[in-house]
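Participant: The structure is given below, and queries will be raised subsequently.
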Amino acid sequence: MRQLFKTKHVSSQSHASSPPSHSKSPSLLDTVHAGSLTIAHVSTHDRLADVLTKPLAKSRFTLLRSKLGVSNGSTICGGILGKNTYSPHQDLQSATHHLDLLLVAALAPNIPALYELHFGIPMAGAVISALNTRLDKVVLAVLLEQLEPKIIFVDYQFVEVVLQAFDIFSVAKHKLPRLVLIPECDQETSPITRELPPNSLDYNELLAIGQADFKIIHANNEYDPISVNYTSGSTGKPKGAVYSHRAAYLNSFAEIFRSDMRRMPVFLWTVDMFRCNGWGFIWAVAALGGTNICIRNVSAKVIFDAISLHKVTHFCGAPAILNKIADAPVGDQKPLPSKVDIMVAGALPPAQVLNKVEEFGFNVNHAYGMTEALGPTTLWRFDENERIKCREGNHNIMMEGVDVKDPISMESVPPDGKTIGEVMFRSNTMMLGYLKNLQATQEAFKGGWYRTRDLGVIHPDGYIQLKDRAIDMINSGGNTISTLEVEAVIISHPNVLEAAVVGRPDDQLGETPCAFVKLKEGCNVSAEEIVKFCGERMMHYMTPQTVVFGDLPVNSTGKIQKFVLREKAKAMGSFPILNGH
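Under this note's numbering, the sequence shown is numbered contiguously, ending at residue 1770.
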């Protein structure tokens, strides 16, 4: 079972450039202040020595977005039934400028207002931070405390959780940000039962004070921050990755090439806009004069209906979106008017799911990346041979700009398919650093490369095989076990929906694989059957000795919280008991 990516083809990554290049010497780490916005940042002598050596000129990224996005772009509001077409508001940057702010937060689903804010706020000389709509009040309060936004735009559906976070703020005596309420896009106002703070504004009222002839406020330097995007916190507390204007500019154009986007695409917003600024597609679609189809909730029916009605050309998301399509009821399915490109990032679902999605007429592309690298950094379009490999379990295929190194010596591991190292990369589309967290930034870029904490090997044919997260590897009787490989076998079982594998203490072997399994609705299978199924497909030492059925704990972004499962496995003790279902 190999999970692979190939070190070839076009990518925005570059070994020769890291804007700014993260120095090999930890002594060069320092803290950079942008107004009151403090980011952990790594300085270097050749700060502008990128692959693209010249600066982005006086036009800046925001001016380019203004000209291309406003003149051609459009947004269809109200999901697949919406008939109103909007251009990004030219007044928004003027209106927000009047508020005298530096950093602006936003909590909203994929609606036109959030799309517009990604243009208006940077054009007003401020920094945008779109927050995860699945955050609870406690985590939201913590992030707002770190961000210190002067204003927060809030969709009417999320007012309650924001006000609850404000209550926590009040107890801590923090100054509250000014709240701007975003109503439903086809309504002037929204029914809110709870009283808002006295200085609150309405989004439409705010736009009314804007001036169409307002002059864009350009960043003083192309490395100035444009946005703060929080990590999912799957391995700890969420950290704010700070993006520069330059990195966002280059990444947006890289997305166009990676996705093979042509002029005037039609983009369906199934990936959250709060994820790395919509994986960069917020600005990429505008650059091509495209149309945005905004939807609040994602389902197979909505996807098929939107494609049929609006002739969607592209959409993105987690691999779970492929499961939605593959499992769509016959009544929700509709023939595609033409090929539709899907970009997914993460572990691919079983081969039968991928095959079924492709039979509908979708073209699936697989990406790899993370918040610190502005989202998906590399992508592979499978040719026929690669599709065969993928269906055998050989996936996570990517492109150049990535290396596997010994984390201590920083030397590349030999291409023998055996020597494990850490997957690392550096590029001109990396974050500047973590917001107000110099230590975390220093650790992430130690040695001049970004350390993904993903472990892998390089095969003689040039493929890099991802083995596991460093923290997730299991050591059983001297054998190193990749939990990803075990999970891939388990989810290939026809009755299994999700699976996560962690190490369980064992007095003799140190650890043995413990599988937490969620079955498909209406399906039934015993723990013994899962063990037998795995034993027929992998080495004995890799076969789970414990199987536990039930829902899997996930964080606000839907990622499985393995640290919770590790604690559960630890609490079971060392005696291997099979838990029947």
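Built from N, CA and C at the ideal position, the CB exists for glycine as well.
Could you tell me which uninterrupted alpha helix (DSSP H) segments, each at least 4 residues in length, are contained entirely in the stretch 1586 to 1615, listed from first to last along the chain?
Facilitator: Qualifying alpha helix (DSSP H) stretches: none in this window.
Participant: My output table needs one value for Phe-1738: the three-state DSSP class, helix, strand or coil.
Facilitator: Phe-1738: strand per DSSP, three-state reduction.
Participant: Buried or exposed: where does Glu-1756 fall if 16 or more other Cβ atoms within 10 Å of its Cβ makes it buried?
Facilitator: When all chains shown are included, Glu-1756 counts as exposed.
Participant: Apart from the five residues on each side of it in sequence, which residues of its chain come closer than 8 angstroms, Cβ to Cβ, to Tyr-1623?
Facilitator: The answer, listed in chain order, is Ile-1228, Ala-1229, Lys-1428, Gly-1429, Ala-1430, Val-1431, Ala-1629, Thr-1630, Ala-1633.
Participant: How about His-1168 and Phe-1456: do their beta carbons lie closer than 7 angstroms?
Facilitator: Because the chain here runs from 1190 to 1770, residue 1168 falls outside it and cannot be looked at.
Participant: Just checking, does the stretch 1304 to 1318 make contact with the stretch 1396 to 1416 on the three C-beta pairs under 8 angstroms criterion?
Facilitator: Short answer: they touch.
Participant: Is the Cβ-Cβ distance between Arg-1323 and Leu-1352 less than 7 angstroms?
Facilitator: In this structure, Leu-1352 does not lie closer than 7 angstroms to Arg-1323 by Cβ.
Participant: Starting from the N-terminal side, write out each stretch of the beta strand (DSSP E) that is 3 residues or longer and does not extend beyond the stretch 1285 to 1345.
Facilitator: As far as the stretch 1285 to 1345 is concerned, its whole beta strand (DSSP E) runs of at least 3 residues are 1292 to 1296, 1316 to 1319, 1340 to 1344.
Participant: According to DSSP, is Thr-1732 helix, strand or coil?
Facilitator: DSSP places Thr-1732 in coil when its eight states are reduced to three.
Participant: Could you name the residues that DSSP lists as bridge partners for Pro-1694?
Facilitator: The partner list for Pro-1694 (beta bridge, DSSP) reads Glu-1700.
Participant: Which residue comes first and which comes last in the alpha helix (DSSP H) that contains Lys-1426?
Facilitator: Taken as a continuous stretch (DSSP letters only), Lys-1426 belongs to no alpha helix (DSSP H), as it is neither H nor E.
Participant: Tell me which residues share the same chain as Asn-1512 and place their Cβ nearer than 7 angstroms to its Cβ, disregarding the 5 neighbours each side in the sequence.
Facilitator: Excluding residues within five positions, the ones whose Cβ falls inside 7 angstroms are Pro-1538, Val-1542.
Participant: For a test of the three-state rule: what should DSSP assign to Gln-1400, helix, strand or coil?
Facilitator: Gln-1400 falls in the coil class under three-state DSSP.
Participant: Could you give the DSSP three-state label for Tyr-1412: helix, strand or coil?
Facilitator: Three-state DSSP puts Tyr-1412 in coil, outside helix and strand.
Participant: Since Gly-1479 contacts Pro-1454 with CB under 8 angstroms, what's their CB separation in whole angstroms?
Facilitator: The Cβ separation is near 4 angstroms, so the contact holds.
Participant: With a cut-off of 8 angstroms, do at least 3 Cβ pairs link the stretch 1434 to 1442 to the stretch 1557 to 1564?
Facilitator: These segments touch.
Participant: So the candidates are Cys-1465, Asp-1516, Ala-1509; which of them puts its Cα closest to the Cα of Lys-1490?
Facilitator: Here the closest residue by C-alpha is Asp-1516.
Participant: Helix, strand or coil for Asn-1744 per DSSP?
Facilitator: It is coil, neither helix nor strand.
Participant: Note down, one range per segment and in chain order, each alpha helix (DSSP H) of at least 4 residues found wholly within the stretch 1457 to 1537.
Facilitator: Runs found: 1465 to 1468, 1470 to 1476, 1489 to 1499, 1509 to 1515.
Participant: For Gly-1724, collect the residues of the same chain with a Cβ closer than 8 angstroms to its Cβ; drop the 5 residues on either side in sequence, then sort them by chain order.
Facilitator: The residues are Thr-1732.
Participant: Note down the Cα distance separating Val-1714 from Asn-1668, rounded to an integer number of angstroms.
Facilitator: Taking the straight line from one Cα to the other gives about 29 angstroms.
Participant: Measuring CB to CB, does Ile-1653 end up less than 7 angstroms from Gly-1645?
Facilitator: Yes, they are a contact pair.
Participant: With a cut-off of 8 angstroms, do at least 3 Cβ pairs link the stretch 1736 to 1752 to the stretch 1697 to 1713?
Facilitator: Enough Cβ pairs lie closer than 8 angstroms, so yes.
Participant: Should Ala-1473 be labelled buried (16 or more other beta-carbon atoms within 10 Å of its own) or exposed?
Facilitator: Counting Cβ neighbours within 10 Å, Ala-1473 comes out buried, since at least 16 surround it.
Participant: Could you please give me the residues that DSSP links to Asn-1554 through a beta bridge?
Facilitator: The partner list for Asn-1554 (beta bridge, DSSP) reads Met-1532.
Participant: Please report the distance separating the alpha-carbon of Arg-1451 from that of Lys-1528.
Facilitator: Spanning the two alpha carbons is a distance of roughly 13 angstroms.
Participant: Could you please give me the residues that DSSP links to Gly-1637 through a beta bridge?
Facilitator: Gly-1637 is not bridged to any residue.
Participant: Going along the chain, which residues of its own chain have a beta-carbon closer than 7 angstroms to the beta-carbon of Lys-1326, five neighbours each way excluded?
Facilitator: Excluding sequence neighbours, Lys-1326 sits near Val-1350, Gln-1353, Ala-1354, Ile-1357.
Participant: Which residues bound the beta strand (DSSP E) around Asn-1668?
Facilitator: That run of the beta strand (DSSP E) goes 1668 to 1670.
Participant: CA-CA distance, Lys-1759 and Leu-1336?
Facilitator: Going from the Cα of Lys-1759 to the Cα of Leu-1336 covers about 36 angstroms.
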